[in-house]
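Q:
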Amino acid sequence: MKRGPIARALLILFFVGLIAVPAVLTRVSAHRNKTHDSAESAMTRYGFHFTEVSRQAGVNFTHHAPVLDPKLASIMPEVASMGASVSIVDYNRDGWPDIYVTNSREGTMNALYRNNHDGTFTDVAPQLGIADVNKTGTGVSMGAVWGDYDNDGYPDLFLIKWGRPILFHNNGGKSFTDVSEKAGLPKWMNANTAVWFDYDGDGKLDLFVGGYYNENIDLWHLKTTKIMPDSFEYAKNGGCKYLFHNLGGGRFDEVSAQLGIKSRRWALASGAADLSGSGHPDLFVANDYGVSELYVNDGKSFHEEGEQTGVGFAPKSGMNVAFGDIFNQGKYSIYVSNISESGILIQGNNLWVPQEGQSGSSLHYQNMARDLGVELGGWSFGAQFGDLNNDGNLDLFLTNGYVSLDRNKSYWYDFAKVAGGNSTIIGDAKNWPAFDGRSLSGYQQKKVWLNDGAGKFEDVAQAVGVTDTHDGRAVAFADLWNRGVLDVVVANQDGPLLIYKNTVNPQDKWIEFQLEGTKSNRSAIGAQVTLFWNGQQQIQQVSGGSGFAAQNERRIHFGLGKNPQIEKAVLRWPSGEVQTLDHLAPDQLYNIKEPE
Amino acid sequence: MSQQTIAIPPRQPARGWKKWLSLDNRFVPPIFITLILLGGQLTYGILESYEKTLLAIATAIVVEMVLGKIFLGKFPHPASAYITGISVGILLRSPAYWPFAVCAAIAISSKYVLRYKGRHLWNPSNLGICIVLFLLPASVAGLSIQWGNNLWSLVVIWMLGAAILWRLHRLHISATYVVAFILLAILRAHILHQPVLAEISPITGPEYQLFIFFMITDPKTTVRSKLGQSLVVIAVAVLEMFFRFDQSVYAELYALFWIGPIAMLIEMWLNARRVKAPAPQPQMARP
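Here the protein sequences come in this chain order: A and B. Our numbering applies: residue 1 is where the first sequence begins, and numbers increase by one. Our numbering applies: residue 1 is where the second sequence begins, and numbers increase by one.
1. Counting only C-beta atoms, is F14(A) closer than 8 Å to chain B at any point?
2. Which residues does DSSP list as the beta-bridge partners of S546(A)?
3. Closest Cβ-Cβ distance between L21(B) and chain A: below 8 Å?
4. Let me confirm a value: Q588(A) is counted as buried when at least 16 other C-beta atoms fall within 10 Å, else exposed. Which label applies?
5. What are the residues in the segment 201 to 215 of chain B lying within 9 Å of chain A by C-beta distance?
6. What are the start and end residues of each continuous alpha helix (DSSP H) run of 4 or more residues lying completely inside the segment 57 to 104 of chain B, in chain order?
7. Quick one: is T225(A) near chain B, going by C-beta distance under 8 Å?
8. Determine, using beta-carbon pairs with one atom in the segment 79 to 88 of chain B and one in the segment 52 to 65 of chain B, whether at least three such pairs fall under 8 Å.
9. Return the chain-ordered list of same chain residues with a C-beta closer than 7 Å to the C-beta of D123(A), the five sequence neighbours on each side being excluded.
10. Output yes or no for whether 8 Å exceeds the beta carbon distance between S439(A) and W379(A).
11. For H221(A), does the three-state DSSP call read helix, strand or coil?
12. Could you tell me whether the segment 131 to 146 of chain A touches the segment 93 to 107 of chain A, where touching means 3 or more Cβ pairs closer than 8 Å?
13. Any idea if Y50(B) is buried or exposed, counting beta-carbon neighbours within 10 angstroms, 16 or more meaning buried?
14. Need the endpoints of the beta strand (DSSP E) that M142(A) sits in, please.
15. Suppose contacts are defined by Cβ-Cβ distances below 8 Å. Is M109(A) in contact with A84(A) by that definition?
16. Quick one: what's got a C-beta closer than 6 Å to L363(A)'s C-beta in the same chain, skipping five residues either side?
17. Under DSSP, the alpha helix (DSSP H) around S180(A) begins and ends at which residues?
18. Along the chain, where does the alpha helix (DSSP H) that runs through E267(B) open and close?
19. From which residue to which residue does the alpha helix (DSSP H) around A461(A) run?
20. With distances taken from CA atoms, which of T217(B), V232(B), A277(B), R26(B) is nearest S125(B)?
21. Can you tell which of A7(A), S575(A), D118(A), Y289(A) has the C-alpha that lies nearest to the C-alpha of L268(A)?
22. To which residues does DSSP link E51(B) through a beta bridge?
23. Is K241(A) buried or exposed, if buried means 16 or more other CB atoms sit within 10 Å of its CB?
24. Evaluate contact between the segment 534 to 553 of chain A and the segment 314 to 331 of chain A, counting only Cβ atoms and requiring at least three cross-stretch pairs below 8 Å.
25. Between I326(A) and V236(B), what straight-line distance do the alpha-carbon atoms span, to the nearest angstrom?
26. With Q329(A) as the anchor, note down where its alpha helix (DSSP H) starts and where it stops.
27. Give me the subset of the segment 70 to 94 of chain A whose CB atoms are less than 8 Å from a CB atom of chain B, sorted by chain position.
28. Going by C-alpha distance, which of N451(A), N390(A), K519(A), V475(A) is nearest G484(A)?
29. Could you tell me whether the segment 48 to 67 of chain A touches the segment 513 to 526 of chain A, using the rule of 3 or more Cβ pairs below 8 Å?
30. Strictly under 8 Å for the Cβ-Cβ distance: is S443(A) near chain B by that measure?
31. Considering only the alpha carbon of each residue, which of S180(A), D471(A), Q329(A), Y335(A) lies closest to P77(A)?
32. According to DSSP, simplified to helix, strand and coil, what is I525(A)?
33. Tell me whether F32(B) sits in a helix, a strand or coil according to DSSP, three-state version.
34. Taking E240(B) and Y208(B) to be in contact with their CB atoms under 8 Å, please state how far apart those CB atoms are, rounded to whole angstroms.
35. Starting from the beta carbon of V418(A), find every residue of chain B whose beta carbon is closer than 8 Å, and list them in chain order.
36. Within 10 Å of its beta-carbon, does N349(A) have 16 or more other beta-carbons around it, so buried, or fewer, so exposed?
Put into structure tokens, the structure is as follows:
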């Protein structure tokens, strides 16, 4: 080595500086993550806070995880880690949102919590016939989505199962009838996601269902232990995808293959929205063990364009699909949750933001999760966009946590050891080390990311009262007590159903729209409202299922901020009808029926 | 990984048409690792982005050129820095860009800082990756993605890698390590009552392919003798086993981090002793 001691000293300084960079950044990051611990200060600072009120509201529901074939006993916490779901529905059309939740152990009951209009709820699922749906030999519930498939005005229930899927017809809010056989549903599937949408615009709701495990597997009576994904990034041995075309008269035709949906990836979440601006709803599918898929709908068939649009290139562990116009520019961004575990697996969640000025065939997305601060959420599951503090910007609520058992013992080492191996090893459950009561990304803190409207999200979960550390799965938003605020319901795996009642600064205004289709499907699923106020616009839609195993209230909620000047609302119905509403006032719920 | 200078006997320069078909050994490892990268990326999309890998490569080469010019008085051959950069680009996983640059810079500059008696002690990319994994677990992780997990891609990479290492006279290092790992995996499975395939599983993943073909065979940071090289990788496998008992996810990287420089120092010490020892006196024939 040439050069004298000064050059050497500078070199050593440079080297030490490089090593110090990670350490300094870690300290800065830790400092940033410090939270405020006063609800009052949160109200002052952020304009809202949550209170968990499930017990006061009479909701005492605990989810129970599946217990599958004894051959899987050693890794049961991993393979039976889903099933807690929540969907919001006004099943009896009384104008107050009700809550449907699933259970997932054979013999357990699902619950439909009817809103009593006084802050409490009553489980009416048993008398309505939609509770005892996890009978031995029929599989167990994984989720539920509601849509009025026969346009009689009352939302019907599709029950997503590992087992025999069920379509329940809503008999005027008085009872439900199992119409699965008449509808032509398969005898068995192992699905975790479904979404109602009218893909062909014929005014009748169609149904997409995404399979997870192969449908030929009965998880309670295994013939083989070779049921696991054949890759943790490129698995294509998952369940079938179904697209049930609504023929009318309560009958459906399964058309997925003929319309271009042939994937065998392990679907966990799906959502439908007109992303390409074609007037037809496109379908976004988040897959575990692989890339996401974007099925662009040209009105006649679907074309998988995940890779071309940028959302389907890097394989991760997709577990959520939520759409939100986070920049108030009339375009949906898409939030897909994945896994991040410090020092082991940093997939990062994806926030797919459409590139400026692009649509149609040139549609392209850029992942801006890191830039906006919504990237790291632990073992992330369900997430939803909504304006939680009515300031006019869509915020993001994320629940997380995979398996919370022994706090001091982690399964991550064994998980990583096998997951990185060859397909012949990871594909066989008997090669997986026993869980032995250990946790896997357990006891995680939730994220309530507040959108500052200037391109940054700040996690305020602890400050605003979201302090639980259950293994969260599904999140759904609803204005549960018709107060003009979004409350949050969280379904936890093997844990309690939580209701976070929202208190918002009343100076921040709101407006809501309850839509009913006439030419379009009566649930108005797929209808879009673009609200113009204070020189900005925000688009939202009526959803037939979003997040993970969840469905928000169909009513559309906009926060407006202080002293809003509303210009207009432009409604685009699934039929193509465009309707403009003027003279709108804040703090009002508008019931809008599609013009005949 | 800094193996641009392969410790093999000098070859006679090829003449005529053979000159065009004979590949300089310095280029073999870079070409091999580039093929692995491109094959994995084009078939399975193993990289989060080309940009991050290019950033690591560019950083490694720039730092190497600058430090080489300053401290060696010349621009070093870029093959070593290229391999270090590409290894960082493949082995490191982070949604952010800056860890790739920082890791590559740490790796290359360590060659100029952490030296003893004219030799650098740590495998550069091993050191860089271990440091960022240890100090920045919230932002980076090691490679967890696979080349599709299928058997054929595994077989192709292993066969190609073995052929190249044979050409470079370093196949015994990798072979010894593989045998040691498998035997110790069976032992671990027996002790921990785990499925044997679960313990063997890591070596079928891509991280180990890079570790076995590029890291432990690095001529600059391995000892000279064949026996010594084999003993060193056995020691790496043994220490790795203890790290695995402690459930360390990056056991093999950390094991090499400790064993590599210790082995180098021992070799230097032994060499110094040989030099100091008096030359043996010729014995007089007894009458």
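Note that CB positions come from ideal geometry on N, CA and C, so glycine has one too.
A: Considering the structure as presented:
1. yes
2. A550(A)
3. Residue placement at L21(B) is poorly supported in this model, since its pLDDT is 47, which falls under 50; the coordinates are not used for a value here.
4. exposed
5. Contact annotation: in the segment 201 to 215 of chain B, residues whose CB is within less than 9 Å of a CB in chain A are S201, P202, I203, T204, G205, P206, E207, Y208.
6. 79 to 91
7. Closer than 8 Å to the CB of T225(A) there is not a single CB belonging to chain B.
8. The segment 79 to 88 of chain B and the segment 52 to 65 of chain B touch, with no fewer than 3 CB-CB distances between them shorter than 8 Å.
9. A111, L112, Y113
10. no
11. Reduced to three states, the DSSP call for H221(A) is coil.
12. yes
13. exposed
14. 139 to 147
15. no
16. S276, T309
17. 180 to 183
18. 251 to 276
19. Counting along the chain, the alpha helix (DSSP H) containing A461(A) begins and ends at 461 to 464.
20. T217(B)
21. Y289(A)
22. According to DSSP, which records beta bridges pairwise, E51(B) is partnered with nothing at all.
23. buried
24. yes
25. I326(A) and V236(B) have their C-alpha atoms roughly 51 Å apart.
26. Where Q329(A) is concerned, there is no enclosing alpha helix (DSSP H), given that its DSSP letter is neither H nor E.
27. none
28. N390(A)
29. no
30. Sequence inspection shows Tyr at residue 443(A); the Ser mentioned does not correspond to that position. Not an interface residue.
31. D471(A)
32. coil
33. helix
34. Not quite, the Cβ-Cβ distance comes to about 11 Å (not below 8 Å), so this is no contact.
35. A198, S201
36. buried
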